[in-house]
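Data first, discussion second: the structure below is written as C-alpha cells.
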Amino acid sequence: MLVLRLGWRNLWRYPRRSVINVSAVATAFVFLVLLLGFAEGLTDQMLENGTSLLLGHVQLHHPAYLPDRGLFDTLGGDQGVSPAVWRDLPGRDGIQAASPRVYGFALLSTGEHSAGGQLIGVDPLLEKEVSRFLDGISSGRALSAQPEGRILVGEGLARDLQAGIGDEVAAVTQASDGSLGSALYRVAGILRTGLPHVDRSLAILHVADLQELLAFPADRLHEVALRIGDPMLADAVARELNRSLPSEVEARGWGDLAPQLRDYLALFDSFYGFVIGFVALFAALGLLNTMMMAVFERTREIGMVSSLGMSPDRILLAILMESLLLALLGLVVGGLIIAVLARPLSVQGLDLSRWMGELSMLDTRMDPVIHFRWLWGNLWKPALGLLLAGLLAAAIPALRAARMDPVKALGTPGEF
Amino acid sequence: MTVGILTTIAWRNLWRNTRRTLLTSLTVALGLALLLFFLGLGDGSHQQMIESAVEMGSGHLLVQAKGYSKQGGVDQTLQPSQIEAVRNWLSEQTRAKVLHLAPRVFASALASSASGASGVQLIGVDPAAESGASRFDERVAQGEYLAPGDRGVILLGQGVARKLEIELGERVVLMAQGGGSPEIQSRLFRVKGIILTGQDEFDQILAIAPLADCQEFLLLDGQLHQLAALLESEAPSRALAAAGAEKFPDLEVMNWEQALPELVEFIRIDDGGNYVFHVFLFLLISFMVLNTLLMSVLERRREFSLMDALGLQPAQRFLMVMLEAFFIAVISIAGGFLIGYPLHMLIAVYGLPLDWFSSGGMSAAGVALDPVIYSYLSWRRLGESVLWIFGMVLLLALLPARRAARQGDVKILGRV
Amino acid sequence: MHYSKLILLFIFGIFQGSPDSAAPGVDAKEIMDRVDRLLRGDSSHGTVEMTVVNRRWSRSLALEIWSEGTEKALIRILRPKKEEGTATLKVGSNMWNYLPKIDRTIRVPTSMMMGSWMGSHFTNDDLVKESRLITDYDISISFQGERDGLPVYEFLLLPKPEAPVVWGKITFRVRSDNLMPIWSRYFDESGELKRTLTFHDFQEMGGRLIPARMRLEPADEEGEYTEMIYEKLEFDLAIPRGTFSLSSLRR
C-alpha cells in the first residue's frame, strides 16, 4: 500500500509530465478503439452491400436448385410448398423478412429487337424488406404491389431492346408444361444495379406474372430470400431452419451461397487485423517513448532516493506503480472520450460521401455511411496491450536507474 | 545572435541528449514508415486491378466505331481505311509509346457440341499481338494458347467447356449473325485450350479464336470492332484518348477510365475507405508526436531558464526550438524512408501474399484481385507523405516552441 | 416430300446436294440419292401427331405442316386448344414463332437455336438446318447384307474437315430392297451415342411408301422420347403463294 501511495503522490508532483503521459495513453487507446470500430463497421457494410443487392442473408431452395437453377427444381419439388412454410418465418430465429422469388429465362422482344433476359419474379412489397435491387430504378416507376403485367428491365437490356418506359415488351419462353409460354409486359422502369453484365440481362416482374408465363401455379417458387437481424448468424439460422423445414426445402446462409463474399470478408478482416496490429505497435512505441523519457528524466531523483537507502526493488515497484496509475488514468480518460463518441459514430455513422463526392454506383451498390461497431474484445484487448506497453516503458529506464550507482545517478542533469 | 549561431546551437542541442532526440525521431520515422507502407499497399492493389483489367482486355486505349460501346452491333465496325489511319496516327505519337496494338472482333454467338450448347462472347484476336496486349495467354488451364497462323481452333472458358461437355481437340460449332446479312452463320472450331480466369462471369461465356477465322465467320472482311493499344505506361492514356477523339470524330477513342467506369468508381470508393484510415493514422501519429515533443520540452525547462538568464530573447528561443524541430523532421523523414522504403520495395518486388490471410480467388467490380499485393508508390505519393509529415512536425512544434519562449522563470534555476 | 425438311427431312431430305464430293463413296452416295428421291417431293402438306415424353410430363400436339423444297416450311399447332394457332415459319436459315395469345411474331434468335422446339427433343436448329448431310459428310457403306432378317445397307457418315456440324459420326441403316430408313444414330467425337432416330409403320401415304411413325430418343435421358406419327400426308401439291410468309404465319 505504501508503494501505491508513493506512486500516486509522485503522479501529482509533476502534473504536466503526468498529463502528457495520460494523454499519450488516452490518444493511443481512443484511436485504436475507433479504428477497430471502423473496421468492424466497414466489414458490416461490405457484408450488407454484398447481401442486400439480391442475395439476402439466408435462402431457401430445392436442394438441387443450385448451381444450375433448373426450372423444375422448385421448393418442395413438383408439388410446390404451401405459402405458410415461408410466410410464417419472419418473427422466429431473428428472421425479419421473407421474400419469394421465381427465376426464368425468356426471349424478350420489342418487335424489331430481341434479347435474352434473366427474369426474376418478386413480390415487390416483400422484396423491398429483404434486398435493395428494386431501389436501383434509374428512371420510371417501381412495380406495384399487384400483378399488372409491368416489368423493370436492366439498363443494358433496355438499350439492346430499344425499349423505353411505357413500351410493350413481349416475353417468350419454354414454359414448365412444355408449351411455348408468352406474355406482353409494359416497361415500368429501367434498373441500374451498377453491374453491367447484370444490367444487360436482368428483368424483374411480379412473381404472379412470371408464374403465369412459366405455367406454374402460385405455390411453385425457386427461392425464398430471408433477412435476419444479425447476418453473422446466418449459418446458425439456416441450421435451425433445416430442422423444421419440409422435405425438398433447404436453407443456406449467405456464406454458403456466396463463398467468394465470405472469403473476401475473411480476407478483409484478417488483413485489417494485420494493419491494426501495426498501428497498435506504433501506438505502443509512441507510448514507450513518452514514458521512457519521463522516467529517464528522473534518473537523478531515483539516484537520490536510492542513496537514501531505498532498495532497488522498492524503487522499481514504485515507478511501475506510478506508470500503472498513469496508464489506468489514460485508459479512463480515453474510455470517457470513446463513450462520448460511441453513440454518434455507431448510430449516425461516418458519411464517406463527404470525402468521395457523388458516386452514382452508391445508389444501389453501396451505402456511403459507415456505422461503427463496438465489440468488447476490441475495447479490453487494446486497453490491456497499452497497459503492458506502459509498464514495459517504465520498467526499462527504471531498472537501469535503480541499479545505477546513486552517485552517478545524482550526477545526471535533470530536475525534480 | 544570428540565425546561423542559433542553428548551430539547435543542432548541438539535439545531440546533447541523443537518446531523447532519437526517441522523438523514431516516433515520427515509424509514423512515416507506417504511412508509406499502407499507401503502398492501397495504391498497389488499385494499380494491380487497373493493370489486370487493362490486360484482361480493355487496353490503355481503345478505338472503336462510334456508338460501339453502347450498342455493340456486329455491323458497327472499323473499316480498313480507318484502321490504317488509326495505326498511322498511333505510330506518329511521341508522347506515348505503343507497346502492343491488338486488333479484335467480337460477337455474341451460340456454341454447341454434340452434348450441349452455351451462349458465348466470341473474341477474334491476332494471337501474336494479343499475347502482348492481354493476359489471356497466361490463363490457359488446359491445352495451349493460340499460336500465330492457327486456323479453325478456339479457346473456351472453363464454364463453357463444362456446359458443352467438351474436351481438347473436339468439335464445337459456333453460330452467329454475320455482318450485313440476316442469315445465321455457322462455323466449325476445334478446342485448343481451356481458359480459367477465376471469374465466373468470364469463364462462363469466354471464347477466343483467331481473328482471320472470326472475320470470315462473321463476314467482316478486313474489318474490326476494336483496336486496343497497350502503352508503355498508363499515364498519357487520357491525353492520348482526348487527342484521338478530336482527330477521329467519327470513331470512339477511349482510355481505360472511360472504358471501365465501374472500376474507376470502385477505386474511388475504396480510396474513400483508405482515406478515412489514413486520416486516422495521421491524426494518431500527430498526437503521439505532439506528446513526445511536449515531453522533451518539459524536460528542458531548466535549460530554457538558463538561456533566458543568459540573455536569449523569447523570439530566439522560439526560433531555436523550431530549428530543432526542423532537424528532427529531417532526421525522422530520413529515418522513415530508411525503414519504410525498403519495406515498400520488398513488397513491391516479392509481394504480400494475401493467402497468408485467406484462401480462394477474389474479385471486386468484376476485376480479379491478385492473391498477391505488390506495393506501389508514385513519386507524387512519396512527396505528399513527406510534405505532410514535415508540415505536421513543424506545426506541432509551435506549441513547445511557444512554451520555450515563455519560460522566463529564473526561479527554476534555483532548484539544484 | 419433304415431309421432312421439317422434322425428318432435316436429317434426311438431306441427300440432295451437288455430286462434286465424289470419290470413294460413289456407290453409297448413289444409293443415298435414291433414298432421298424416294422421300422427297417438291412440296408436301400433312398432319402429324407429336408426342413428347420426358420425366416430368408428357404431351401430345396435333400439327399441320406445309413444306416447299428444303428452304421453306410452316408448322401450325391445331390442338390442344390452349396452344391452338401457335405456329413456326422457317425460310432459309431464319425462323419465326407466332404466338396467338399475345398476337406477336417473334424471330428466333441465334442464341435460342439449340433450344427445344415446342418442348420436344428436337432443337430449333434441327428444324432450320438445311439438309446438308451430303455436303457436310463423307458417306460410305459400312455394311451390306442381312440384319434382323431384313436386307439392309448401313451407312457411315463422317463429317468433312471444315463442316460446321457437331456430330462426330452418324450411322444409319436403310432397307436395301425398298430403301426405307430403319434408324439413324448420332455420336459425338469420342464415339458416345447421343441420340437415336428410329422409323416405323411403313405405309403408303400420298401415293408413296413412307415411315409413318418416327421416334427420337436422347441417349442420356432414359425413357424420354419424341414421337411423330403422320396421319395424313400429300406430296407435290400446289401450295398457295404466300403460304410461307409472316402474314400467313399469323392467320
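Chains as they are written, first to last, in the working numbering: chain A, 1 to 416; chain B, 1001 to 1416; chain C, 2001 to 2251.
Here a beta-carbon is modelled for each residue, glycine too, at the ideal position from N, C-alpha and C.
Proximal chain C residues relative to residue i, where beta-carbon distance stays under 9 Å
| i | result |
| --- | --- |
| B:S1052 | Here the premise fails: no neighbours, minimum Cβ distance about 29 Å. |
| B:E1262 | Under the 9 Å cutoff, chain C gives no residues; its nearest Cβ is about 25 Å from B:E1262. |
| A:F282 | What A:F282 touches in chain C: nothing, since even the nearest Cβ is about 57 Å away. |
Bridge partners - residue i, DSSP secondary structure assignment
| i | result |
| --- | --- |
| C:T2088 | C:I2075 and C:N2097 |
| C:R2175 | C:V2152 |
| A:D351 | A:V369 |
| B:M1175 | B:L1110 and B:S1186 |
| C:D2138 | C:L2158 |
| A:T51 | Answer is none; A:T51 lacks a bridge partner. |
Contact set between residue i and chain B, taken where Cβ atoms lie within less than 8 Å
| i | result |
| --- | --- |
| C:A2163 | L1188 |
| A:G166 | The premise fails here: A:G166 is roughly 21 Å from chain B at the closest Cβ pair, so nothing lies under 8 Å. |
| C:S2270 | Outside the displayed range of chain C (2001 to 2251) lies residue 2270 of chain C, so it cannot be described from this structure. |
Short CB-CB distance (under 8 Å) between residue i and chain B
| i | result |
| --- | --- |
| C:S2245 | no |
| C:V2091 | no |
| C:V2166 | yes |
| C:E2189 | yes |
| A:M361 | Because A:M361 carries a pLDDT of 47, less than 50, the predicted location of this residue cannot be relied on, and no value is offered for it. |
| C:K2194 | yes |
Check whether residue i and residue j have beta carbons under 8 Å apart
| i | j | result |
| --- | --- | --- |
| A:L386 | A:A284 | yes |
| C:A2087 | C:I2075 | yes |
| B:G1179 | B:D1075 | yes |
| A:L265 | A:T43 | yes |
| C:I2182 | C:K2029 | no |
| A:T27 | B:L1284 | yes |
| A:H206 | A:G154 | no |
| A:R101 | A:E223 | yes |
| A:G334 | A:F133 | no |
| B:E1262 | A:H197 | no |
| C:D2224 | C:R2055 | Contrary to the premise, residue 2224 of chain C reads as Glu rather than Asp in this sequence. Yes, Cβ-Cβ distance for C:E2224 and C:R2055 is below 8 Å. |
| A:G166 | A:T173 | no |
Short CB-CB distance (under 8 Å) between residue i and chain C
| i | result |
| --- | --- |
| B:S1113 | yes |
| A:V172 | yes |
| A:A188 | no |
| A:F72 | yes |
| A:S182 | yes |
| B:Q1048 | no |
| B:L1078 | no |
8 Å Cβ cutoff, residue i in contact with chain A
| i | result |
| --- | --- |
| C:R2107 | yes |
| B:Q1158 | no |
| B:E1201 | yes |
| B:E1299 | yes |
| B:F1304 | no |
Cross-chain neighbours of residue i in chain A, by beta carbon under 7 Å
| i | result |
| --- | --- |
| B:K1070 | R159 |
| C:G2119 | Q174, G178 and S179 |
| B:S1296 | M293 |
Contact list for residue i against chain B, beta-carbon separation under 7 Å
| i | result |
| --- | --- |
| A:M232 | Residues of chain B passing the Cβ test: none, with the nearest at roughly 17 Å. |
| A:E112 | What A:E112 touches in chain B: nothing, since even the nearest Cβ is about 13 Å away. |
| A:S23 | N1291 |
Chain-ordered neighbours of residue i on chain A, where CB pairs are closer than 9 Å
| i | result |
| --- | --- |
| B:F1280 | F31, L34, L35, F38 and V279 |
| B:F1337 | None at all; the shortest Cβ gap to chain A is about 16 Å. |
| B:M1254 | Near B:M1254 there are no residues of chain A at all, since even the closest Cβ is about 15 Å away, more than 9 Å. |
| C:E2083 | S179 and L180 |
Interface residues of chain B facing residue i [CB-CB closer than 9 Å]
| i | result |
| --- | --- |
| A:M292 | R1019 and L1023 |
Contact set between residue i and chain A, taken where Cβ atoms lie within less than 8 Å
| i | result |
| --- | --- |
| C:N2097 | V172 and L180 |
Proximal residues of chain C, C-beta to C-beta of residue i below 8 Å
| i | result |
| --- | --- |
| A:S270 | Residues of chain C passing the Cβ test: none, with the nearest at roughly 43 Å. |
TODO: Only counting runs of 4 or more residues, tell me where the alpha helix (DSSP H) segments fall wholly within the segment 1124-1150 of chain B, in order along the chain.
DONE: 1127-1133
Open item on the list: Report the start-end ranges of each beta strand (DSSP E) in the segment 1222-1258 of chain B that is 3 residues or longer and not cut off at the edges.
Closed with: 1226-1231 and 1251-1255
Open item on the list: In chain order, what are the residue ranges of uninterrupted beta strand (DSSP E) at least 3 long that sit wholly in the segment 2184-2208 of chain C?
Closed with: 2193-2205
TODO: Any chance you could list the alpha helix (DSSP H) runs of at least 4 consecutive residues sitting entirely within the segment 1281-1328 of chain B, in chain order?
DONE: 1301-1309
Open item on the list: For a minimum of 3 consecutive residues, which ranges assigned as the beta strand (DSSP E) are wholly contained in the segment 54-112 of chain A?
Closed with: 58-61 and 95-109
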